[in-house]
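Input: a single structure, listed below in structure tokens.
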Amino acid sequence: MRPIVGPVSLVIAIVAALVAGQINRAIYCWAWNRRSISPWSPPAPGVAPRTWRDRIPIIGWWWMRRESSVHGTAFWVRPALIELSCAVGSVVLYQFELSGGLLPIGAVPPPPATLQVQAYRHLILIALMLIATFIDLDEKTIPDEVTVLGSWLGLTTAIVWPDGMLSAWSTRVPPIDLQPLWLTAPGAWDAKWDGTLGLSVGLFSVIAWWYALLPKTLWYRGGMIKFLKYLIASILRHRLTYWLTAMAVLAAAMTGWVWHLGGERWAALLSAWMGLVVGGAIVWSVRVVGSLALQQEAMGFGDVTLLAMIGTFIGWQPTVFIFFMAPFTGVLIAVLQWLFTGRKDMAYGPFLCLATLVVLLAWPVTWSEWAFPILQLGSLLLPVLVGAAIVMGVALVVWRMISARLA
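Per my numbering, the sequence shown runs over residues 1 to 407.
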């Protein structure tokens, strides 16, 4: 397939640059320490009003330099580079995907419309990951505004574009027939997921997501009665609980409606729900094991919701490999952060986001060389992951003991 050139590339670049302006706005407005840096935000006190030319993507930041005395020297460089990277990167990714870059050699290519919607979903995911990455780098937090909204986008786009999932295949011999990366991949879709079992799993996913997001206090001393008393009281006293409950009711209604419709939309939605649950569960389990072993918080809850959000876009299978690849991609981020800022503290969210990008761009190799062979373990995969978590916990306990001796 020939690369898309000319007017199409220009339109994609312009739209991406405009969206990137809102990405920058979200980076500063959704942060815990909100800052009026984006030209789309009200100016800080004592700063001259902003004009229309300040909002021109990329070059508008050149005029925003006048606020350097307020926001710091060269504050405008990073947001300008983000907008430039989005404009160029979106065109490159779009051409890459429509040219079959995410497909194995010898594959029977899907219709161009399928490749287009896959690219659209991936561009949305990357935009969300950019927001999460830079907020996490700045503050070591990932706000729910990113991950909850992102999860909704992942779920709803799965319904609207059911053929927007990644592709899977079970042979390397051309012609290679492709199948959507639904929750049963590398196996074929099983009709049992169209029945009450599938609906039950979907509704369980809604409840798990709702409970995970609820503001709550967990008190482990004093027995089960006191635990439940503190848990219920802490949940009910927050106004956010009622908004999250309304969201969960809406999500459950949406899930039931799509289940009633059936077909590819239901397969895609249930696969997105499974991606959310598995992605979140992987980080949550490591967070719990690491916290118990080290006797301090091992990972932030934002990392849990981040990988859950990623799972709604790409399915549960890639999230397993993303998590284990993240420490390796993190080395690159840690080195760059140290070189440019001198900071040695690390946030795990950017590691997950870069690992997601690597897995996505190298999907033919990731699936053929790693995912497909490992997923052949089938029902043995869960015990293997549980065993790995136990080994990690033991290793962290030993590390804590060694560190205490050396301190």
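In this text, a Cβ means the ideal position worked out from N, Cα and C, and glycines have one as well.
Segment limits, alpha helix (DSSP H) that includes residue i
i	result
ASP49	Position check: residue 49 holds Pro in this sequence, whereas Asp was assumed. No alpha helix (DSSP H) contains PRO49, which DSSP labels as neither H nor E.
GLN376	Neither: GLN376 is in no alpha helix (DSSP H) and is coded neither H nor E.
ILE333	316 to 341
MET129	112 to 139
THR157	144 to 160
PRO79	77 to 98
ARG25	7 to 29
TRP63	60 to 63
PRO350	348 to 361
SER68	68 to 71
Rounded Cβ spacing between residue i and residue j (contact assumed at less than 8 Å)
i	j	result
LEU236	LEU307	In fact, because the Cβ distance is near 29 Å, the residues do not count as touching under 8 Å.
PHE313	LEU125	4 Å
MET325	ALA281	Their Cβ separation, rounded to whole angstroms, is 18 Å, which puts MET325 and ALA281 out of contact at 8 Å.
ASN24	SER38	5 Å
LEU93	LEU123	7 Å
VAL258	ALA389	Actually they are not in contact, since the Cβ atoms of VAL258 and ALA389 sit about 33 Å apart, beyond 8 Å.
ILE322	VAL359	5 Å
ALA80	TRP61	4 Å
LEU269	LEU155	6 Å
ALA13	VAL91	5 Å
THR305	ILE142	7 Å
ILE310	GLY279	6 Å
GLY164	ARG221	48 Å between Cβ atoms; not a contact.
Residue i - partner residues in DSSP beta bridges
i	result
PRO180	SER167
ALA107	ILE176
Contact with chain B by residue i, beta-carbon distance below 9 Å
i	result
SER234	Reference to chain B is not applicable here, since this structure consists of a single protein chain.
What beta strand (DSSP E) runs, 3 residues minimum, are completely inside the region 196 to 269? Unbroken beta strand (DSSP E) stretches of 3 residues or longer found wholly inside the region 196 to 269: none.
For the region 100 to 110 against the region 162 to 180, do three or more pairs of beta-carbon atoms, one drawn from each stretch, fall closer than 8 Å, so that the two count as touching? yes
Using 8 Å as the threshold, is the region 202 to 217 in touch with the region 272 to 279, meaning 3 or more CB pairs across them? yes
Is the region 308 to 327 touching the region 359 to 373 in the sense that three or more CB pairs, one from each, lie closer than 8 Å? yes
Meets three-Cβ-pair contact criterion under 8 Å: the region 131 to 149 and the region 30 to 42: yes
How do the region 79 to 87 and the region 50 to 70 stand: do at least 3 beta-carbon pairs fall below 8 Å, yes or no? Touching, yes, given that three or more Cβ pairs across the two stretches are closer than 8 Å.
Would you call the region 140 to 154 in contact with the region 188 to 196, where contact means no fewer than 3 C-beta pairs closer than 8 Å? no
Counting Cβ pairs, one atom from each stretch, are 3 or more of them under 8 Å apart for the region 206 to 214 and the region 242 to 258? yes
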